[in-house]
Amino acid sequence: PRATPPPARERDAATAAVSALAAHAGAWAVRVHEVRATADAVRVARAVEGAR
154 PRATPPPARE RDAATAAVSA LAAHAGAWAV RVHEVRATAD AVRVARAVEG AR
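Residue 171 in the numbering used here sits at position 18 of the sequence shown; the count goes up by one each step and never skips.
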């Protein structure tokens with residue numbers, strides 16, 4: 154692990170991915186800064202799951 158976390162902008166992709174996982178697990182809300190990217194990630198994850 155890093156001693157100092159990376160800047161927030163460098164964590165956006167990871168935040169979107171974890172938010173999609175949280176939605177898949179049943180979370181009804183997450184707090185994020187990049188709403189559009191996170192919503193896109195959740196939609197893609199749902200589409201992939203629905204295609205199975």
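Quick reminder that beta carbons are idealized off the backbone N, C-alpha and C, glycines included.
Residue i vs residue j beta-carbon contact at 8 Å
i      : j      : result
Ala176 : Val195 : yes
Ala198 : Ala173 : yes
Ala190 : Ala170 : no
Selection from the options that minimises the alpha carbon distance to residue i
i      : options                        : result
Ala161 : Asp193, Val185, Trp181, Ser172 : Val185
Glu187 : Trp181, Arg164, Ala178, Ala180 : Arg164
Helix, strand or coil at residue i according to DSSP, with G and I counted as helix
i      : result
His177 : helix
Val183 : coil
Thr168 : helix
Ala156 : coil
Arg205 : coil
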